[in-house]
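Asks: With the sequence shown counted from 1, adding 44 to any position gets you the working numbering.
Glycine residues also receive a C-beta, built at the ideal position from the N, C-alpha and C atoms.
Note that this is a predicted model, so its numbers are computed, not measured.
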Amino acid sequence: MTPSASLLLLLLLGLSQALPLQEEGGKEDEAPDIVDITTRILTSNEGSDEILLEGDLLAPRTRNAIICYTQNCFWKKNSSGLVTVPFTVSREFTRSEKQVIVNALQGFHSKTCIRFVPRNNEIDYISVENKVGCYSYFGKVGGRQMVSLQRQSCVYYGIIQHEFKHALGFRHEHTRSDRDDYVKINWANIDPQMAYNFDKQVTNNQNTPYDYTSIIQSLSYWDITRINKLYSYYKLSSL
Ligand SMILES: *[C@@H]1O[C@H](CO)[C@@H](O)[C@H](O)[C@H]1NC(C)=O
Ligand SMILES: [Zn+2]
45 MTPSASLLLL LLLGLSQALP LQEEGGKEDE APDIVDITTR ILTSNEGSDE
95 ILLEGDLLAP RTRNAIICYT QNCFWKKNSS GLVTVPFTVS REFTRSEKQV
145 IVNALQGFHS KTCIRFVPRN NEIDYISVEN KVGCYSYFGK VGGRQMVSLQ
195 RQSCVYYGII QHEFKHALGF RHEHTRSDRD DYVKINWANI DPQMAYNFDK
245 QVTNNQNTPY DYTSIIQSLS YWDITRINKL YSYYKLSSL
């Protein structure tokens, strides 16, 4: 994506103000960094050779769209109602970078039914790799699936959670099917070549409202509710 296109995207998304990006899993109101999550993701992805939909979604080779119609796109729930998602972290990351990644993943554990666990020999798993940019597949693809977290620019608590939400089967708020009820897309300001990033998608909105805070908070109240709803986990369905 060109810088001007990403700038436009940001303006359209109402992100022109600097929002805090959380570092190292610290307190959310301590904001050492003044760049918001979306800005940093889009900036990081400018150098990527991948075809990225909506800025940071890899198109799977096994499905012709990043829409999922079957349960196969989601991770399996076990008899205790917990969803185990095995992962590996590339050796290219330093020990402290790996710790940031693990902290961000553990951030899901207390509030949702998701449990990220180090991979033993599971067939389906997430491989965290240091490629150019921060991006993920949408949902479970099957086999080894990459989440790219470029060392210099993506190893932040909020970005990591953002990309892993995609891997769990969540898309961006601004492409959800009912987004026109909530936001106005200013098509006149969009480069026609970039317009596909704003195509509405068939999404399961799970009776949850448009989450304006999802661009600011990495794991918002509605994110937590949706993760637990998608995986039918009601025990911890509220904060
Ligand atoms: C379900 O998954 C969780 C998290 O991986 C694990 O701790 C638990 O033992 C599993 N329960 C069963 C019954 O397999
Ligand atoms: Zn994204």
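For lysine 121, which residues does DSSP report across the bridge?
Replies: Val127
Asks: Answer with buried or exposed for lysine 244, where buried requires no fewer than 16 other C-beta atoms within 10 angstroms of its C-beta.
Replies: Looking at its Cβ environment, which holds fewer than 16 other Cβ atoms inside 10 Å, lysine 244 is exposed.
Asks: Nearest to cysteine 178 by CA position, among Gln196, Ser154 and Arg215, is which residue?
Replies: Gln196
Asks: Touch check for the stretch 203 to 215 and the stretch 232 to 242: three-plus C-beta pairs under 8 Å?
Replies: no
Asks: Cβ of glycine 202 within 8 Å of Cβ of serine 264?
Replies: no
Asks: Identify, in the order they occur along the chain, each residue of the same chain with its Cβ nearer than 8 Å to the Cβ of arginine 215, setting aside the five sequence neighbours on each side.
Replies: Excluding the 5 residues flanking it on each side, arginine 215 has same chain C-beta neighbours closer than 8 Å at Glu98, Leu101, Ile110, Phe182, Gln245 and Thr247, in chain order.
Asks: From the DSSP output, in three-state form, read off threonine 132 for me.
Replies: strand
Asks: What residue range is occupied by the uninterrupted beta strand (DSSP E) comprising isoleucine 268?
Replies: Not the beta strand (DSSP E): isoleucine 268 falls in the alpha helix (DSSP H), residues 265 to 274.
Asks: Can you say whether isoleucine 145 is buried or exposed, counting buried as having 16 or more other CB atoms within 10 angstroms of its CB?
Replies: The residue in question, isoleucine 145, is buried, as its Cβ has 16 or more Cβ neighbours within 10 Å.
Asks: Using only the alpha-carbon positions, how far apart do leucine 274 and serine 92 sit?
Replies: When rounded, the distance between both Cα atoms is 31 Å.
Asks: Bridge partners of isoleucine 158, per DSSP?
Replies: Val127
Asks: Closer than 7 Å to a non-hydrogen atom of ligand 2 - does that hold for the CB of aspartate 100?
Replies: Inclusion of aspartate 100 in the 7 Å shell around ligand 2 follows from its C-beta lying nearer than that to a non-hydrogen atom of the ligand.
Asks: Check the C-beta distance from phenylalanine 118 over to glycine 187 and give it rounded, since I have them as a contact under 8 Å.
Replies: Incorrect: roughly 15 Å between the Cβ atoms, too far for contact.
Asks: Ends of the beta strand (DSSP E) at serine 192?
Replies: 188 to 193
Asks: Based on Cα-Cα distance, which residue from Glu166, Arg220, Ser276 and Val172 lies nearest to arginine 135?
Replies: Val172
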